[in-house]
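Below: the structure, in structure tokens.
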Amino acid sequence: MYQLTPGVIHYGYSIGCFPMTMSDGSLEWFQPHRRCLFPITGIHVPASLARTIRKNEFEITFDKAFEEVMRGCKRPEGSWISDHFIEVYTEIHRQGWGHSCECWKDGELVGGIYGIAIGSYFAAESMYHTATNASKVALWAMVQKAAAMGMLLFDAQIMNPHLERLGAYEVPNYEFSLMLKKTIKIESPWGLSPSAANLLQTS
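My numbering numbers the first residue of the sequence shown as 79 and each following residue consecutively.
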């Protein structure tokens, strides 16, 4: 089995695939027939979430606790996030194209979301919470931050009822592929640049 590396991750995402660790420890790549996206203009904010945001219940930070957010997203049993995943994505974060949003309460990390950015494309990987609404606030903040950092496409990968309630929508894979090809070539402050991507693939 080939080794998962930042270069392999970049190649997979650049052609519209994303990896998951299966229950037997093997690695599989997925490319759904329909792709879940969020409008880069922002998520739908229900009334209860709007109240939480207005109250400033959480301190919001970015890229302060990337590995901790990943470990929060890793469920005790049956998680597709393996320890090796955490090592590789943390290296991607060190390289500057892996990003996280953290929600803190009384100095404790209570929720967050992480993902990777290539060009002006952002792929949200996973989110978690230990305090009510913390993951929703993290998602809300991450979409806003991604837009401010030049992202043009915000990928949530697979639709579920929770994401749909927050304003996510689906497009056919062929349409997503066209959007992806364009956005990964457009440089942004947050994303892996095309020149850096070429070096990554040859290193």
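Backbone N, C-alpha and C define an ideal beta-carbon position, used for all residues, glycine too. Quantities reported herein were computed from a predicted structural model and do not represent experimental measurements.
Distance CB(Met205)-CB(Ser213) smaller than 8 angstroms: The residue you call residue 205 lines up with position 127 of the sequence shown. The residue you call residue 213 lines up with position 135 of the sequence shown. Yes.
Pairwise C-alpha distance: Trp268 and Gly176: As a first step, residue 176 is located in the sequence shown; it is residue number 98 there, counting from the start. As a first step, residue 268 is located in the sequence shown; it is residue number 190 there, counting from the start. The alpha-carbon atoms of Gly176 and Trp268 are separated by roughly 9 angstroms.
Met148 vs Tyr192 beta-carbon contact at 8 angstroms: Numbered from its first residue, the sequence shown carries residue 148 at position 70. Numbered from its first residue, the sequence shown carries residue 192 at position 114. In contact: Met148 and Tyr192 (Cβ atoms closer than 8 angstroms).
Arg172, enclosing alpha helix (DSSP H) - first and last residue: To locate residue 172, count along the sequence shown from 1; it is residue 94. Run containing Arg172: Asp161 to Gln173, per the alpha helix (DSSP H) assignment.
Span of the beta strand (DSSP E), counted from its first residue to its last, around Gly189: Start at 1 with the first residue of the sequence shown, and residue 189 comes out as number 111. Run containing Gly189: Glu186 to Ile196, per the beta strand (DSSP E) assignment.
Burial state of Gln81 (16 or more Cβ within 10 Å): If you number the sequence shown from 1, residue 81 lands on position 3. Classification for Gln81: exposed.
Bounding residues of the beta strand (DSSP E) (the contiguous stretch that carries Met205): Translated into positions along the sequence shown, residue 205 becomes position 127. It spans Tyr199 to His207 - the beta strand (DSSP E) in which Met205 sits, taken as one unbroken run.
Cβ separation of Asp141 and Ser178, assumed to be a contact under 8 angstroms, to the nearest whole Å: On the sequence shown, residue 141 is found 63 positions in, with the first residue counted as 1. On the sequence shown, residue 178 is found 100 positions in, with the first residue counted as 1. Contact flag correct, Cβ pair sits at about 6 angstroms.
Glu137 - containing beta strand (DSSP E), residue span: Here the question's residue 137 lines up with position 59 in the sequence shown. First-last of the beta strand (DSSP E) with Glu137: Glu137 to Phe140.
Inter-residue Cα distance where the pair is Thr139 and Gly103: Taking the first residue of the sequence shown as 1, we reach residue 139 at position 61. Taking the first residue of the sequence shown as 1, we reach residue 103 at position 25. Distance between the alpha carbons of Thr139 and Gly103: 33 angstroms.
Sequence-distant residues of its chain with Cβ nearer than 8 angstroms to Lys183 (five each side left out): On the sequence shown, position 105 is the one that residue 183 refers to. Hits under 8 angstroms: Glu135, Phe136, Glu137, Ala209 and Ala212.
Burial state of Gly185 (16 or more Cβ within 10 Å): For the purposes of this step, residue 185 is identified with residue 107 of the sequence shown, where counting begins at 1. So Gly185 ends up on the exposed side.
Top-ranked residue by Cα proximity to Gln203, from Phe144, Leu278 and Ser273: The sequence position of residue 203 within the sequence shown is 125, counting from 1. The amino acid at residue 203 is misidentified as Gln; the sequence shows Glu. With distances taken between CA atoms, Glu203 lies nearest to Phe144 out of Phe144, Leu278 and Ser273.
Distance between Pro97 and Thr261 (C-alpha atoms, nearest Å): Position 183 of the sequence shown, counting from 1, holds the residue named residue 261. Position 19 of the sequence shown, counting from 1, holds the residue named residue 97. Spanning the two alpha carbons is a distance of roughly 20 angstroms.
Leu217 vs Leu244 beta-carbon contact at 8 angstroms: As a position in the sequence shown, residue 217 is number 139, starting the count at 1. As a position in the sequence shown, residue 244 is number 166, starting the count at 1. Cβ atoms of Leu217 and Leu244: closer than 8 angstroms.
Ala226 in three-state terms, based on DSSP: Locating residue 226 in the sequence shown gives position 148, counting from the first residue. Correct three-state label for Ala226: helix.
Cβ contact check for the segment 162–174 and the segment 224–241: 3 or more pairs under 8 angstroms: no
Length of the line joining the Cα atoms of Gln222 and Gly120: Translated into positions along the sequence shown, residue 222 becomes position 144. Translated into positions along the sequence shown, residue 120 becomes position 42. Whole-angstrom Cα-Cα distance: 6 angstroms.
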